[in-house]
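A.B. asks: If you scroll down you'll find the structure; I have some questions about it.
There are 2 protein chains.
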Amino acid sequence: MSKQEQAALVIIGDEVLSGKTKDANLSFIATELNNLGIIMSEARVIPDTEKVIIETINQLRSKYEYVFTTGGIGPTHDDITSASVAKAFQTELELNQEALSKIASYGNELTAARKKMAYIPKGAELLENPVSFAPGFKLENVFVLAGIPKIAECMFYSALRFINKGSPILSLAKDFYMKEGDFAETLTKIAKEEKNISIGSYPFSKNGKYGATIVLRGTDSTVLERCLQKITEAFQSIITD
Amino acid sequence: MSKQEQAALVIIGDEVLSGKTKDANLSFIATELNNLGIIMSEARVIPDTEKVIIETINQLRSKYEYVFTTGGIGPTHDDITSASVAKAFQTELELNQEALSKIASYGNELTAARKKMAYIPKGAELLENPVSFAPGFKLENVFVLAGIPKIAECMFYSALRFINKGSPILSLAKDFYMKEGDFAETLTKIAKEEKNISIGSYPFSKNGKYGATIVLRGTDSTVLERCLQKITEAFQSIITD
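If you read the protein sequences in the order shown, they are chains A and B. Taken in order, the first sequence gives residues 1 to 241; the numbers are from the numbering used here. Taken in order, the second sequence gives residues 1 to 241; the numbers are from the numbering used here.
Structure below.
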C-alpha cells in the first residue's frame, strides 16, 4: 500500500483495565480513520495515572501524525487527562472562556467541579460536544475526547476539520466455509504475489459450521476485486481436488 | 492498596486496528486477573508486524510479572505471533511433538499449514485448547493465547496453574441519579481521605436520566462498605441542601 498517515489511540481509564467497562471507542475511531485513509497503527489502554499519561502522549505524538485520547475529561477527581496533557506539552491549563460559556449554557449550576472542565491547555482548540456541552480539545496533533461513546463520536467528528484525508482504504471481504488449515498454503502463495494488498484470514464458527472470512484491504478497488476472484478460484480448486 | 502483581495484555491483530473486529478478550482477561488479585496495568493493540511484536513483548515482559498476548497463532500467513515471540526470546521454533499429536487428534488432514501450529518456541509449556486442539503456550512470563474469544478463555484457564494468587481486589458499586458536576467536590474530598481505596466515578444515561456509578476498589470489604456508606450520606446532604 502507498504511504498513509498514521494515528494512535490512547484509551485512558482504570475502569477499562479492571474489566468493569468495555471500551467501545476503538472500533468506532479505527473504522472512521480507515475510511479517511488513515491507518491506526496502535492503541493503548492506560490507567488514570499522570506519569503514565504524560509518557504515553509524548511517546506517541512524536511517532504518529495523529494521536487520539479518550476518557478522563469529566468533573471528578479521577479526571486528570487535561492536566496531564498540558504537562506533556510543558504548558498550563487556563480557564477557557469559550468552554466556560458552553458549559454554563447547559443550564446546570456552575459548581467548581463543572468549572474544572473549562480549564483547557493554553493554545488548544475546542472540539464540540453537543451532548453535554463540556468540550474536548486539540493541542497540536493530539485530540482529547471524552470516554462516553456518544460524546467521543461527536468530538471525533468535530476533529475532522483538522485531519488530512488520504486515499480511503477500501476493503472487500468474503466468507469461505473452509478450514484455514486446508487453504492456508494457497492463501500464503497469493499473499506473496499481491504486494499492494493486505490479506487477512479470520476464522469463525457460525451455526456450528466452521469457516473463515478473507479480508482484502487496499486503495484500488479493481485490484481488490481481481484478487478476490483469484482467491475464490484458487480455493475452489482445493475443494474439487 | 497493598503491592499487587501486575500484568499487561498485548492484542495482536490488524483486524482490531482496522475496526473490522471488536476485541472481546480485554474485558474477560482484565476481570479474571482482577479476581485473582492481579492488576492489569496496561493493554496494547498492535499490528501483525514482526518488529512491533518483538519490541512490545520485550518491553513489557521486563516490566510486568505477567504478559498475555492474544491473536496470531493460527495456520495462515498472517499468523506470526509464535515466530515473533521466539525471536523476542532469542530462541527458535521447534516442532513440538505433544502439540502435533493434539492437532492430529482433531481428525483433520495434517496439512503443512496445520503442522505450522505445532511449531512452538523451545522451552515453552503448552496451554490447552479443548475447542480446536492447536495449543497456546507459556514461555517464561509470557502467555500466548489465541484471538478467538472462546479459545482464548480456555487457554487463559489453562494458564492459571502458573499464576500466583494475590489478595483478590474487591469492588463495590452504587448508582447515584445525580450529576457529576454536583457531587464531584464532595467525592474528591472523600477520595483524599480514603487512601486505601480506589474510587471511580462513571457517568451514565439510563432511560433519559443522568447519573453516575461510583465504584470503590480495595482488598478489605469492611473498609469498602464503610466508605460507600460515607459517600451515600455525604451525597444525601448535597441533595437536601
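Each residue gets a CB set at the ideal place from its N, CA and C atoms; glycine is no exception. Since this is a predicted model, take the numbers as computed values, not measurements.
#1: By the 10 Å Cβ neighbour count, where 16 or more other Cβ atoms means buried, how is Tyr64(A) classified, buried or exposed?
#2: Excluding the 5 residues preceding and the 5 following Asn96(A) in the sequence, name in chain order all residues of the same chain whose CB lies nearer than 6 Å to its CB.
#3: Would you list, in chain order, the members of the segment 157-189 of chain A that have their beta-carbon closer than 7 Å to a beta-carbon of chain B?
#4: Taking the straight line between their C-alpha atoms, what separation do you get for Ser62(A) and Thr111(B)?
#5: At the level of alpha carbons, what is the spacing between Asp182(A) and Glu50(A)?
#6: Short of 6 Å in beta carbon distance, which residues of its chain neighbour Asp241(A), apart from the five on each side in sequence? Order them along the chain.
#7: Over what stretch of residues does the beta strand (DSSP E) that includes Glu125(A) continue unbroken?
#8: Residues of chain B with a CB under 9 Å from the CB of Ala88(A): which are they?
#9: Closest to Gln6(A) by C-alpha separation, out of Ala104(A), Pro203(A), Met178(A), Asn35(A), would be which residue?
#10: Looking at the C-beta of Lys20(B), does it have a partner C-beta in chain A at a distance below 8 Å?
#11: Tell me the DSSP secondary structure of Ser171(B) in three-state form.
#12: To the nearest angstrom, how far is the alpha carbon of Ile231(B) from that of Ile46(B)?
#13: Could you check which residue in Glu55(A), Ser18(A), Gly136(A) has the C-alpha nearest to that of Pro75(A)?
#14: Judging by CA-CA distance, which residue of Asp78(A), Thr70(A), Thr56(A), Ser105(A) is the nearest neighbour of Glu185(B)?
#15: Am I right that Ser27(A) and Gly19(B) are in contact with their C-beta atoms under 8 Å? What's the rounded C-beta distance?
#16: Using the three-state DSSP reduction, which class does Thr242(A) fall into: helix, strand or coil?
#17: Is Pro30(B) close to chain A, meaning its C-beta is less than 8 Å from at least one C-beta of that chain?
#18: Give me, in chain order, the residues of the same chain whose beta-carbon lies closer than 7 Å to that of Met1(A); leave out the 5 immediate sequence neighbours on both sides.
#19: Could you name each continuous beta strand (DSSP E) segment of 3 residues or more that falls completely within the segment 127-163 of chain B, going from the start of the chain to the end?
#20: Of the residues Gln4(B), Leu187(B), Asp23(B), which one's Cα is nearest the Cα of Ala152(B)?
#21: For a test of the three-state rule: what should DSSP assign to Ser82(B), helix, strand or coil?
#22: Could you work out which residues of chain A lie near Thr219(B), taking near to mean beta carbons separated by less than 9 Å?
#23: Which residues does DSSP list as the beta-bridge partners of Leu9(B)?
#24: Determine, for Pro276(B), whether the minimum Cβ-Cβ distance to residues of chain A falls below 8 Å.
#25: Do Ala113(B) and Glu233(A) count as a contact pair if the criterion is CB distance below 8 Å?
#26: Could you tell me if Ile214(B) is buried or exposed, where buried requires 16 or more neighbouring beta carbons within 10 angstroms of its beta carbon?
#27: So what does Leu216(B) bridge to, in DSSP terms?
#28: Would you report the Cα separation of Glu15(A) and Ser205(B), rounded to the nearest angstrom?
#29: In terms of DSSP beta bridges, what is Glu194(B) paired with?
#30: Would you check if there are 3 or more beta carbon pairs closer than 8 Å linking the segment 120-133 of chain B to the segment 78-89 of chain B?
#31: At the level of alpha carbons, what is the spacing between Lys115(A) and Ser101(A)?
#32: Nearest chain B C-beta to Pro203(A) closer than 8 Å, yes or no?
C.D. replies: On the basis of the data shown:
#1: Along the first sequence, one-based indexing puts residue 64(A) at 64. Classification of Tyr64(A): buried, given that the 10 Å Cβ count is 16 or more.
#2: The count along the first sequence starts at 1 and reaches residue 96(A) at position 96. Closer than 6 Å at Cβ, skipping near neighbours: Ala118, Ile120.
#3: Lys179, Glu180, Gly181, Asp182, Ala184, Glu185, Leu187, Thr188
#4: As a working note, residue 62(A) is residue 62 in the first sequence. As a working note, residue 111(B) is residue 111 in the second sequence. Cα to Cα, Ser62(A) sits roughly 45 Å from Thr111(B).
#5: Start at 1 with the first residue of the first sequence, and residue 182(A) comes out as number 182. Start at 1 with the first residue of the first sequence, and residue 50(A) comes out as number 50. Rounded to whole angstroms, Asp182(A) to Glu50(A) spans 49 Å at the Cα level.
#6: To locate residue 241(A), count along the first sequence from 1; it is residue 241. The predicted model places Asp241(A) with a pLDDT of 47, which falls under 50 and marks its position as unreliable, so this point remains unresolved.
#7: As a first step, residue 125(A) is located in the first sequence; it is residue number 125 there, counting from the start. Start and end: 125-127.
#8: Position 88 of the first sequence, counted from the start, is the residue given in the question as residue 88(A). Result: empty, since nearest Cβ-Cβ is about 17 Å, beyond 9 Å.
#9: Residue 6(A) sits at position 6 when you count from the first residue of the first sequence. If we check each option's Cα against that of Gln6(A), Asn35(A) comes out closest.
#10: Position 20 of the second sequence holds residue 20(B). Interface residue, yes.
#11: The residue you call residue 171(B) lines up with position 171 of the second sequence. Reduced to three states, the DSSP call for Ser171(B) is strand.
#12: As a first step, residue 231(B) is located in the second sequence; it is residue number 231 there, counting from the start. As a first step, residue 46(B) is located in the second sequence; it is residue number 46 there, counting from the start. So the two alpha carbons sit approximately 40 Å from each other.
#13: As a position in the first sequence, residue 75(A) is number 75, starting the count at 1. If we check each option's Cα against that of Pro75(A), Gly136(A) comes out closest.
#14: For the purposes of this step, residue 185(B) is identified with residue 185 of the second sequence, where counting begins at 1. Closest option to Glu185(B), Cα to Cα, is Asp78(A).
#15: In the first sequence, residue 27(A) corresponds to position 27, counting from 1. In the second sequence, residue 19(B) corresponds to position 19, counting from 1. At roughly 5 Å, the Cβ-Cβ gap stays under 8 Å, so Ser27(A) and Gly19(B) are in contact.
#16: The structure shown does not extend to residue 242(A), since chain A spans only 1 to 241, so no value can be given for it.
#17: Stepping through the second sequence from its first residue, residue 30(B) is reached at position 30. Pro is not the amino acid found at residue 30(B); the sequence shown has Ala there. Ala30(B) counts as touching chain A.
#18: Taking the first residue of the first sequence as 1, we reach residue 1(A) at position 1. Interpretation of Met1(A) is limited by its pLDDT of 43, a score under 50 that renders its predicted location unreliable; the figure taken from the coordinates is listed afterwards. Hits under 7 Å: Asn196, Ser198, Gly218, Thr219.
#19: 136-139, 142-145
#20: Numbered from its first residue, the second sequence carries residue 152(B) at position 152. Considering only alpha carbons, the answer is Asp23(B).
#21: The residue you call residue 82(B) lines up with position 82 of the second sequence. Helix at Ser82(B).
#22: As a first step, residue 219(B) must be located in the second sequence, where it is residue number 219. Within 9 Å Cβ-Cβ: nothing; Thr219(B) doesn't reach chain A, min ~14 Å.
#23: Here residue 9(B) corresponds to residue number 9 of the second sequence, with the count starting at 1. Beta-bridge pairing links Leu9(B) to Ala43(B), Phe68(B).
#24: Shown here, chain B extends from 1 to 241; a query on residue 276(B) therefore has no answer.
#25: For this step, residue 233(A) is matched to residue 233 along the first sequence. For this step, residue 113(B) is matched to residue 113 along the second sequence. Taking 8 Å as the Cβ cut-off, Glu233(A) and Ala113(B) do not qualify as a contacting pair.
#26: In the second sequence, residue 214(B) corresponds to position 214, counting from 1. Label assigned to Ile214(B): buried.
#27: Against the second sequence, residue 216(B) aligns to sequence position 216. Leu172(B), Ile199(B), per the DSSP bridge assignment.
#28: Residue 15(A) sits at position 15 when you count from the first residue of the first sequence. Residue 205(B) sits at position 205 when you count from the first residue of the second sequence. When rounded, the distance between both Cα atoms is 17 Å.
#29: Numbered from its first residue, the second sequence carries residue 194(B) at position 194. Answer is none; Glu194(B) lacks a bridge partner.
#30: yes
#31: Locating residue 115(A) in the first sequence gives position 115, where the first residue counts as 1. Locating residue 101(A) in the first sequence gives position 101, where the first residue counts as 1. Going from the Cα of Lys115(A) to the Cα of Ser101(A) covers about 10 Å.
#32: Within the first sequence, residue 203(A) is the residue found at index 203, counting from 1. Closer than 8 Å to some Cβ of chain B, the Cβ of Pro203(A) qualifies, so yes.
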